[in-house]
Each structure stands twice: as structure tokens, then as C-alpha cells.
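Enquirer: Numbering (our numbering), first residue to last: 315 to 878.
1) Just the Cα atoms here: how many angstroms apart are residue 766 and residue 370?
2) At the level of alpha carbons, what is the spacing between residue 695 and residue 512?
3) Does the Cβ of residue 362 have 16 or more other Cβ atoms within 10 Å, making it buried, or fewer, making it exposed?
4) Compute the distance between the beta-carbons of residue 599 and residue 550, then report whether it is under 9 Å.
5) Starting from residue 631 and walking both ways along the alpha helix (DSSP H), at which residues does that stretch end?
6) Beta-carbon separation of residue 849 and residue 644 under 9 Å?
7) Residues in the same chain with beta-carbon distance under 8 Å from residue 625, minus the five sequence neighbours each way, listed in chain order, please.
8) Quick check on the burial criterion: 16 or more other C-beta atoms within 10 angstroms. Buried or exposed for residue 358?
9) Quick check on residue 581: buried or exposed, where buried means 16 or more other Cβ atoms within 10 Å of its Cβ?
10) Please give me, in chain order, every unbroken run of the alpha helix (DSSP H) with length at least 4 that falls completely inside the segment 693–777.
11) Excluding the 5 residues flanking residue 666 on each side, which residues of the same chain have their C-beta closer than 7 Å to its C-beta?
12) My output table needs one value for residue 787: the three-state DSSP class, helix, strand or coil.
13) Going by Cα to Cα distance, which pick from 555, 574, 612, 492 is closest to residue 586?
14) Below 8 Å on the Cβ atoms is my contact criterion, and I expect residue 515 with residue 506 to pass it. Report the Cβ-Cβ distance as a whole number of Å.
15) Count the other CB atoms, across all protein chains shown, that sit within 10 Å of the CB of residue 715; report buried if there are 16 or more and exposed otherwise.
16) Which same chain residues, not among the five before or five after residue 605, have their C-beta less than 8 Å away from its C-beta?
17) Have a look at the DSSP bridge pairing and note the partners of residue 424.
18) Mind checking residue 577: buried by the 16 CB within 10 Å criterion, or exposed?
19) Please state whether DSSP places residue 546 in a helix, a strand or coil.
20) Look at the Cβ atom of residue 421, then the Cβ atom of residue 466, and state whether they are nearer than 9 Å.
21) Exposed or buried, residue 747, counting other C-beta atoms within 10 Å across all chains shown (16 or more means buried)?
22) Considering just the uninterrupted stretch of the alpha helix (DSSP H) at residue 471, what are its terminal residues?
23) Could I get the ranges of all uninterrupted alpha helix (DSSP H) runs contained in the segment 824–878, with 4 residues as the minimum, in chain order?
24) Does the separation of the CB atoms of residue 430 and residue 380 fall below 9 Å?
25) Per DSSP, residue 610 is paired with what?
26) When the distance is taken between beta carbons, is residue 827 closer than 9 Å to residue 786?
27) Cβ of residue 595 within 8 Å of any heavy atom in the ligand MG?
28) Identify, in the order they occur along the chain, each residue of the same chain with its Cβ nearer than 8 Å to the Cβ of residue 691, setting aside the five sequence neighbours on each side.
29) Can you tell me whether residue 671 is helix, strand or coil according to DSSP?
30) Out of 791, 620, 543, which one is the CA nearest neighbour of residue 634?
31) Spatial neighbours of residue 708 within its chain, please: C-beta separation below 8 Å, excluding the five flanking residues on both sides.
32) May I have the straight-line CA-CA distance separating residue 444 from residue 640, to the nearest angstrom?
33) If distances are taken between C-alpha atoms only, which option among 462, 340, 528, 345 comes closest to residue 899?
34) Can you give me the C-alpha to C-alpha distance between residue 725 and residue 740, rounded to a whole angstrom?
35) Using CA atoms only, rank isn't needed, just tell me which of 414, 742, 427 is closest to residue 376.
36) Where does residue 340 sit, in a helix, a strand or coil, going by DSSP?
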């Protein structure tokens with residue numbers, strides 16, 4: 315039947331566009347604040363009432379607009395930043411789409427008051443639902459004030475999806491904090507129902523801005539990241555592996571000072587922390603990625619949350635390299651420069667864990683600088699699980715299983731990377747009988763196991779034989795290890811990347827090969843374990859992410875006993 319396809323009215327088209335840009339009050343704040351930044355404002359005041367549903371007012375002292383520009387700014391597809399197609403790939407401003415003001419205006423009652431420098435009078439433009447109701451001169455200071463009242467008043471379906479005032483305010487606080495972190499040269503002030511929520515004055519010291527917005531507790535647990543290669547500059551701050559959050563909300567990532575939630579960037583961050591933090595935990599990260607504007611497309615998402623890099627893999631790998639450069643130094647343990655050197659291969663002689671852990675210290679390369687763990691003074695073993703040590707700053711507790719697990723994991727990983735895993739053939743191959751599903755799964759993964767020195771072959775039906783194992787696992791429970799590997803990899807199926815599956819196998823092997831809790835160690839074994847910790851690049855956490863050590867400073871001990 316003819317007549318099924320119709321042209322949308324301008325009003326309905328504006329409301330659909332608003333749905334892409336204006337999701338909630340925080341979306342309005344984001345768009346208006348970004349426009350203020352582009353206008354060169356040095357002070358931006360955001361005044362919110364009732365979580366933003368009643369009123370959002372953003373005031374700035376930027377360059378302001380002439381009357382004609384103020385009227386054009388609320389027309390669809392109007393912009394002062396993009397004039398030809400090539401400009402879409404060279405965007406270096408915050409706002410550019412030409413959708414924000416008309417989209418916001420179409421679902422609210424909006425007033426714009428603006429005056430450029432040098433003009434005798436400003437301009438007042440009032441609209442309801444995108445329709446201009448009033449235009450007049452206004453007495454006002456230089457800059458622009460945009461007031462958005464009764465958001466979604468004409469789209470009740472959207473209005474009912476808004477959460478409580480406190481929830482909506484929380485999203486607004488996040489937006490202001492995200493923006494203020496990247497712009498310390500601007501004074502940001504956020505008020506809610508007349509109460510000051512954020513007040514971040516202009517500062518030349520970025521540390522002050524971090525402390526103001528994130529708190530001193532966060533600031534004191536952040537460490538600097540810096541890497542420049544070719545035209546890509548990566549800098550910022552990251553937390554130690556033991557200072558984490560239950561969500562990724564404390565990950566602040568910026569591309570050319572634009573806050574983004576980008577999959578490539580986030581994956582790189584978590585890749586750098588892999589085997590350092592526990593599952594479902596997230597680091598605190600503030601990361602600025604500066605890249606030539608023509609190397610990145612910011613026009614891939616209506617709200618500009620995502621970007622597309624011209625050389626995605628390069629950016630990803632540089633982020634990993636930058637973060638790992640700081641993580642390897644572990645500056646939170648003690649300010650020191652760790653000179654990386656090769657981990658010696660595991661002795662090929664068949665011997666139990668006690669002999670392996672008591673290897674002569676002479677096999678480890680010496681460093682020109684004193685190493686942290688080697689400088690500790692062992693005091694005793696606590697519960698046959700923790701090694702209690704002293705140092706200049708206080709007392710150190712070392713988890714012996716976590717420590718040895720990390721040492722073995724790094725040795726196995728190094729051997730795998732160099733195709734030099736030291737394995738040992740079994741004089742009497744061990745038989746393992748599995749269930750049907752487990753047997754079929756293992757059949758497909760025997761080649762992966764052989765890469766890490768675990769040689770397993772089918773022996774008919776659902777039976778397998780273990781012919782050789784990594785030397786470090788001699789005299790261990792191979793059946794339990796293989797079952798743990800199957801259980802660990804089976805849920806992921808084909809979606810599990812080869813590199814990640816190998817790493818997961820190595821972690822399980824390290825766990826099975828490491829000394830256990832509730833296991834007595836001799837003074838010599840303790841000394842050698844501490845020396846070996848200085849030979850690995852990630853000596854603060856086990857491969858599962860659990861902490862290896864905890865420090866109790868003398869100041870903390872004094873406070874316990876009410877001294878000083």
C-alpha cells in the first residue's frame with residue numbers, strides 16, 4: 315500500500331536526536347560544560363536543582379555570542395567548529411556535532427543569556443520544546459548562561475525513567491569531576507539545591523586538582539606514568555595493584571583531553587594489570603593520551619564517549635607498555651630503580667621444593683643498587699604461612715605461597731616465551747581417567763599443554779597418560795592439576811584467546827608447584843625466597859592478584875600504643 319513512508323516532523327526529529335544526546339540530566343551538563351570550555355571560559359559554575367530534573371544552569375565567562383549566533387545555536391546542525399567534510403577528521407574541540415543545544419531545547423524549557431566582550435548589551439533567547447518564545451536584549455556580564463528547566467516535560471516516557479535526585483546528582487558529579495580533572499586551568503564549581511558539591515579553583519599543580527576531586531587517600535596511592543613514542547604521548551597516574559575498586563568508575567581516560575570510555579584503552583589498562591589484581595577488581599587510573607587529531611576519529615558516538623584510532627594496535631600496546639613500566643618498578647614498595655635481568659633457568663635435577671627454594675644465591679645476577687626484599691631482615695614465620703621481616707620503615711609480612719607462586723609463574727612464562735620450558739619425563743607415566751566431556755575437551759588442548767612442558771596423550775576411550783611434566787612440578791598431583799586446567803578453560807571454549815589460555819595454565823601450574831601455607835621453612839629457604847622475589851618484575855602480587863606483602867610502618871605501630 316502506498317503512503318507507508320512519511321517524513322518526520324521537525325519537532326519529532328529533534329526529539330529523536332535528543333534521545334541520542336540527552337539521556338539524563340548529566341548529559342545536559344556534559345554538553346553545556348564542553349561548550350563553555352570551547353568558548354574559552356576560565357570559570358564554569360553549574361547550579362543544579364532536584365538532581366537536574368527541575369533546573370540545570372551553566373554559567374561561564376567565555377567569549378559569549380552575538381544575538382544572531384545565539385539564535386542560530388538552537389537550530390539543528392548548527393556549529394562553529396565544522397565547515398567541511400575534512401574537518402570531521404581534525405576535530406580538536408570538545409563540542410562539534412551541532413546537535414546539543416537544539417536537542418536539549420526540544421525536550422525542555424531553555425533560556426540562553428549571552429554577551430560577547432565589547433558589546434553594550436547581551437541577548438536573551440527563551441524557548442519551549444524547541445520553539446522560540448522570546449528574544450530580547452539583556453543586561454549581563456561577558457559570557458554565556460544557559461538554563462534548562464523541566465527537562466523531559468514534553469516526553470513523559472523519558473521522564474519516568476529518571477532515577478532519584480541523588481542518583482542523578484551522582485551522575486552529574488561524575489561528569490563534572492571527569493571534565494575538571496582534564497582542565498586544571500579552569501575553575502569549576504558545582505552546586506545542588508544551593509549547596510556546594512565541588513569547588514575546584516584554578517591551579518598550576520595537577521596534584522592539587524587530583525586531591526580536590528578524588529581525595530587525599532587516592533592521591534597518596536597513585537604513581538606517575540610517562541611514555542612518549544613517535545607522535546603519541548601517554549602520561550598520567552595509576553594505583554598500586556592493591557589499591558583497587560569494585561567497579562571501573564575510577565578509571566579516567568582522556569584522548570586529547572576528551573574523556574572517553576573506549577574499549578581499546580580500557581582493555582590495554584586491564585591487560586597491564588593482568589596477573590596483578592584479583593578478578594572483578596579495577597585499578598584507579600588517570601590517563602591522558604595525546605595523539606595527532608587526524609589519527610583519531612571522535613565522531614563515532616552521539617555523546618562522543620568512544621573514539622576510533624587510526625592505528626589501534628599501536629595505541630593499545632603503547633598504553634600497556636607505559637603502565638607496565640611503572641608497575642615493574644613497584645615504587646610503592648620502596649623508591650628504587652630495579653635493573654631487570656634474566657631469571658636463571660630452573661635446575662634440571664629432580665628435587666623437591668625445599669631444594670629448589672634453597673638454591674645458592676650466587677646463581678642470581680647482582681644489581682648495582684640494593685634490592686628491597688634482599689635487604690629485609692627475617693624475624694620469624696607466622697602460622698607457618700607468613701614471613702615476618704623488619705626494614706627501615708617498619709615490619710613487612712610476606713605471604714610465602716603467593717611469593718613462591720609469582721616466582722614460579724614468571725620462570726614458567728619466561729621459559730614459554732623462549733620455548734625453553736624445562737620438563738622432566740616420568741619413569742612411570744601416570745594414567746588419568748576423565749568424563750566424556752572433559753576427555754573431548756582435553757583432546758583438543760593437548761598441544762597447548764605441550765607448549766608449557768606438560769605432555770599428555772590419549773590412551774584409548776576417556777583415558778590419558780601423563781608422560782612428562784615441567785621440572786618444577788615433579789612429585790605433584792598431576793591429575794588434580796589437569797582437572798583444574800580443564801575446569802579453568804572449559805567455560806570459555808573457543809572464545810578464550812591462545813595467549814590467555816596459556817597464561818591461565820601457567821598460573822595453575824605455578825599454584826600447584828609453589829610451597830603451601832602451613833608449611834615450615836628453614837631460615838635458608840626464607841632467605842632464598844626473598845632473594846628470588848627481587849629477580850621478578852612483578853613482586854607485589856601473585857598471578858591471581860592477591861598481595862604478596864603488607865607493610866606496617868613504625869608510625870602505625872606507635873599510634874597503636876598511643877605513642878607520639
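No residue lacks a Cβ here, since even glycine has one placed at the ideal position from N, Cα and C.
Treat the numbers as computed from the prediction; the structure is a model and nothing was measured.
Expert: The relevant details are as follows:
1) As a first step, residue 766 must be located in the chain shown, where it is residue number 452. As a first step, residue 370 must be located in the chain shown, where it is residue number 56. Those two C-alpha atoms are separated by around 60 Å.
2) Translated into positions along the chain shown, residue 695 becomes position 381. Translated into positions along the chain shown, residue 512 becomes position 198. Roughly 48 Å separates the two Cα atoms.
3) On the chain shown, residue 362 is found 48 positions in, with the first residue counted as 1. With 16 or more Cβ atoms within 10 Å of its Cβ, residue 362 is classed as buried.
4) Working through the chain shown from its first residue, we reach residue 599 at position 285. Working through the chain shown from its first residue, we reach residue 550 at position 236. Yes, these two residues count as a Cβ contact at 9 Å.
5) Position 317 of the chain shown, counted from the start, is the residue given in the question as residue 631. Segment 626–643, the alpha helix (DSSP H) holding residue 631.
6) Within the chain shown, the letter at position 535 stands for residue 849. Within the chain shown, the letter at position 330 stands for residue 644. Cβ atoms of residue 849 and residue 644: not closer than 9 Å.
7) In the chain shown, residue 625 corresponds to position 311, counting from 1. The answer, listed in chain order, is 609.
8) One-based indexing of the chain shown puts residue 358 at position 44. By the 10 Å Cβ count, residue 358 comes out buried.
9) The count along the chain shown starts at 1 and reaches residue 581 at position 267. Per the 10 Å Cβ criterion, exposed.
10) 714–731, 750–765
11) The count along the chain shown starts at 1 and reaches residue 666 at position 352. Note that residue 666 scores a pLDDT of 42, beneath 50, so its modelled location is shaky; the value from the coordinates is reported in the next line. The residues are 789.
12) Indexing the chain shown from 1 puts residue 787 at position 473. In this structure, residue 787 counts as helix in the three-state DSSP scheme.
13) Translated into positions along the chain shown, residue 586 becomes position 272. Checking every option, the nearest Cα to that of residue 586 belongs to 555.
14) Locating residue 515 in the chain shown gives position 201, counting from the first residue. Locating residue 506 in the chain shown gives position 192, counting from the first residue. Their Cβ separation, rounded to whole angstroms, is 19 Å, which puts residue 515 and residue 506 out of contact at 8 Å.
15) Residue numbering aside, residue 715 sits at position 401 when the chain shown is read from its first letter. So residue 715 ends up on the buried side.
16) On the chain shown, position 291 is the one that residue 605 refers to. Hits under 8 Å: 545, 546, 547, 569, 570, 623, 629.
17) The residue given as residue 424 occupies position 110 in the chain shown. DSSP, once it has assigned bridges, lists 441, 462 as partnering residue 424.
18) What you label residue 577 is simply residue 263 of the chain shown in a count that begins at 1. Looking at its Cβ environment, which holds fewer than 16 other Cβ atoms inside 10 Å, residue 577 is exposed.
19) For the purposes of this step, residue 546 is taken as the residue at position 232 of the chain shown. Strand at residue 546.
20) Residue 421 sits at position 107 when you count from the first residue of the chain shown. Residue 466 sits at position 152 when you count from the first residue of the chain shown. Taking 9 Å as the Cβ cut-off, residue 421 and residue 466 qualify as a contacting pair.
21) Numbered from 1 along the chain shown, position 433 holds the residue referred to as residue 747. Classification of residue 747: exposed, given that the 10 Å Cβ count is below 16.
22) What you label residue 471 is simply residue 157 of the chain shown in a count that begins at 1. Residues 470–473.
23) 837–847, 868–874
24) Taking the chain shown and counting its residues from 1, one reaches residue 430 at position 116. Taking the chain shown and counting its residues from 1, one reaches residue 380 at position 66. Their beta carbons are under 9 Å apart, which means residue 430 touches residue 380 by this criterion.
25) Residue mapping note: residue 610 aligns to position 296 of the chain shown, counting from 1. Answer is 623.
26) Here residue 786 is taken as the residue at index 472 of the chain shown, counted from 1. Here residue 827 is taken as the residue at index 513 of the chain shown, counted from 1. The answer is yes: Cβ separation under 9 Å.
27) Within the structure as shown, the ligand MG is missing, as the structure has no ligands at all.
28) Position 377 of the chain shown, counting from 1, holds the residue named residue 691. The answer, listed in chain order, is 703, 704, 705.
29) Along the chain shown, one-based indexing puts residue 671 at 357. With a pLDDT of only 42 at residue 671, under the threshold of 50, the placement of this residue in the model should not be trusted, and no figure is reported.
30) Indexing the chain shown from 1 puts residue 634 at position 320. Here the closest residue by C-alpha is 543.
31) The residue you call residue 708 lines up with position 394 of the chain shown. The answer, listed in chain order, is 865, 866, 867, 868, 869, 870, 871.
32) Residue numbering aside, residue 444 sits at position 130 when the chain shown is read from its first letter. Residue numbering aside, residue 640 sits at position 326 when the chain shown is read from its first letter. When rounded, the distance between both Cα atoms is 51 Å.
33) The requested residue 899 is not part of the displayed model; the chain covers only 315 to 878.
34) Residue 725 sits at position 411 when you count from the first residue of the chain shown. Residue 740 sits at position 426 when you count from the first residue of the chain shown. Each residue's alpha carbon lies about 21 Å from the other.
35) The residue you call residue 376 lines up with position 62 of the chain shown. Looking at the Cα atoms, 427 is the closest of the given residues.
36) Translated into the one-based positions of the chain shown, residue 340 becomes position 26. Looking at residue 340 - three-state DSSP - the assignment turns out to be helix.
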